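**Student:**
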Amino acid sequence: MARLPLEGVKVLDVSTMIAAPFGAVLLGDFGADVIKVELPGKGDTLRHVGPFKDGEPLRWPGLARNKRSLTLDLRKEEGMNIFKQLVRHVDIVIENFRPGTLEKWGGGYEELKRINPKLVMIRVSGYGQTGPFREKAGFGTPATAFSGFTYLQGYPDRPPVSPSFSLTDYITGIYVAFAAVTAIYHRDVHPNGEGQMVDIGLYESVFRMMEFLVAEYDQLGKVRERSPGLSGHSSPAGTFMTKDGHWVVLVTSTDSTFERLAKAMGREDMLTDEKFCTNERRLAHHEETNGIVADWIGTKTRDELLHILDEHGVPVSPILSIKDIFEHPHYQARENIIEVAHPRLGKIKMPGIVPKFEKTPGAIRRTAPDLGEHTEEILQTMLGMSKEDIERLRENGII
């Protein structure tokens, strides 16, 4: 079996919940040795977040796979001293405490850099380590609102709608992994490369995706308002219901795509009609354009529609529920859902590894750990502690 790309990279993950831990999972999927540092007796908050089955948290396995668990109370001086000893032996520290917290405990970046000059420290917070909001409490949903994303979601005559899952957290997690490997590359490849601190605000991860907002407001003074789907970008576009009651999404972002759609519908006449011949004209007559498409789609079953549009090269997709996804042959062929062993629930399913490397694909080498499962192993192998030392630490509530 080929070596994983990040084999040999050691990570201390002292973060909780989703954003930063997800970034650590991505590193672990591709071979990094990720040590999850958790509060003794309690662990990561996500261990206590539902849904549950037989008392087991169901989100935890997917966000803690490929990690080892070490319990350590960083709030106590001896716990922080042990943490600093571990820092000597790792490449990356990932944390998401409110800015200033680790400094208060004696484990800020300047102190850790003194111990390990080659250390890469990824710091995730709601609003970043600088600026007037740096100390403001931050979670994904408020950060999404602050990014400008929530303002755009929904209908113009109704309140803004927040995403129905932790979108900002997961996007931030991707930035965490990207930042970590970029900083490691700089450190190890460039002459005089060194470690560094990386500062990520949750809101920035989503804001970075919306360059169109900046361009429109900067150059046109336009404040984009809420609109469903891609209305305002291209026409026809949106969600449509088929004859047999299924929803599909269709988009024609270019005139050539619309030409293929018109031919699929048997409506080549629209290609020479002044109202429909260009995207700009179709946008000016969006309701009529979408209405024609909706009426045609309503005469086809989902399978009929997908067959016709696929043959004509028109971008269309069924809107899938999770039940549909579990049964879909494409998901199965791509191994997008994989089965792993759980110590108490038996076999469980979770999302597979993304992206798919040709030569060095990622792997799930270990399932989510029990709280403190690897504490003794880590302290013995990395710090040379004796069983007596470890037992004393446990009695004193340090681990």
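Under my numbering, think of the first position of the sequence shown as 4, with each following residue one higher. All residues carry an ideal CB built from backbone N, CA and C; glycine is no exception. None of these values were measured; they are calculated from a predicted model.
#1: Given a cut-off of 8 angstroms, decide if ALA265 and LEU253 are closer than it, judged by their beta-carbon atoms.
#2: Taking three-plus beta-carbon pairs below 8 angstroms as touching, is the segment 141-155 in contact with the segment 187-205?
#3: Report buried or exposed for ASP373, applying the criterion of at least 16 other Cβ atoms within 10 angstroms of its Cβ.
#4: According to DSSP, what are the bridge partners of ALA344?
#5: Count the other C-beta atoms from every protein chain shown that fall within 10 angstroms of the C-beta of ASN195, then say buried if there are 16 or more, exposed otherwise.
#6: From the DSSP output, in three-state form, read off TRP250 for me.
#7: Would you say VAL3 and GLY31 are within 8 angstroms of each other, going by their C-beta atoms?
#8: Scan the segment 176-227 and note each continuous alpha helix (DSSP H) run of 4 residues or more that stays entirely inside, going in chain order.
#9: With 16 other CB atoms within 10 Å as the buried threshold, where does TYR220 fall?
#10: In terms of alpha-carbon separation, which member of MET244, SER237 and TRP299 lies closest to THR281?
#11: Within this structure, are the beta carbons of GLY110 and LYS87 separated by less than 8 angstroms?
#12: Just the Cα atoms here: how many angstroms apart are LYS359 and ALA23?
#13: The beta strand (DSSP E) that contains LEU73, what's its start and end?
#14: Under a three-way DSSP split, which group does ASP94 fall into?
#15: Assuming contact is defined by CB atoms lying nearer than 8 angstroms, are LYS246 and LYS326 in contact in what I supplied?
#16: Mapping the DSSP letters down to three states, classify PRO159 as helix, strand or coil.
**Tutor:** Well, looking at it:
#1: Within the sequence shown, numbered from 1, the residue matching residue 253 stands at position 250. Within the sequence shown, numbered from 1, the residue matching residue 265 stands at position 262. No, the Cβ-Cβ distance between LEU253 and ALA265 is not below 8 angstroms.
#2: Cβ pair count under 8 angstroms is three or more, so yes.
#3: Sequence index remark: in the sequence shown, residue 373 carries index 370 (1-based). ASP373 comes out exposed.
#4: In the sequence shown, residue 344 corresponds to position 341, counting from 1. According to the DSSP secondary-structure assignment, ALA344 is paired through a beta bridge with LYS350.
#5: Position 192 of the sequence shown, counted from the first residue, corresponds to residue 195. Per the 10 Å Cβ criterion, exposed.
#6: Within the sequence shown, numbered from 1, the residue matching residue 250 stands at position 247. DSSP places TRP250 in strand when its eight states are reduced to three.
#7: This structure cannot speak to residue 3, because the chain is shown only from 4 to 402.
#8: For the segment 176-227, whole alpha helix (DSSP H) runs of length 4 or above, ordered along the chain, are 205-210 and 214-223.
#9: One-based indexing of the sequence shown puts residue 220 at position 217. Exposed, by the Cβ-count rule.
#10: Against the sequence shown, residue 281 aligns to sequence position 278. Nearest to THR281 by C-alpha distance, out of MET244, SER237 and TRP299, is SER237.
#11: Here residue 110 refers to the residue found at position 107 when the sequence shown is read from its first residue. Here residue 87 refers to the residue found at position 84 when the sequence shown is read from its first residue. Their beta carbons are under 8 angstroms apart, which means GLY110 touches LYS87 by this criterion.
#12: The residue given as residue 359 occupies position 356 in the sequence shown. The residue given as residue 23 occupies position 20 in the sequence shown. Taking the straight line joining both Cα atoms gives about 22 angstroms.
#13: In the sequence shown, the residue the question calls residue 73 occupies position 70. Counting along the chain, the beta strand (DSSP E) containing LEU73 begins and ends at 70-74.
#14: Here the question's residue 94 lines up with position 91 in the sequence shown. Reduced to three states, the DSSP call for ASP94 is coil.
#15: Taking the first residue of the sequence shown as 1, we reach residue 246 at position 243. Taking the first residue of the sequence shown as 1, we reach residue 326 at position 323. For LYS246 and LYS326, no; Cβs fall outside 8 angstroms.
#16: Here residue 159 refers to the residue found at position 156 when the sequence shown is read from its first residue. In this structure, PRO159 counts as coil in the three-state DSSP scheme.
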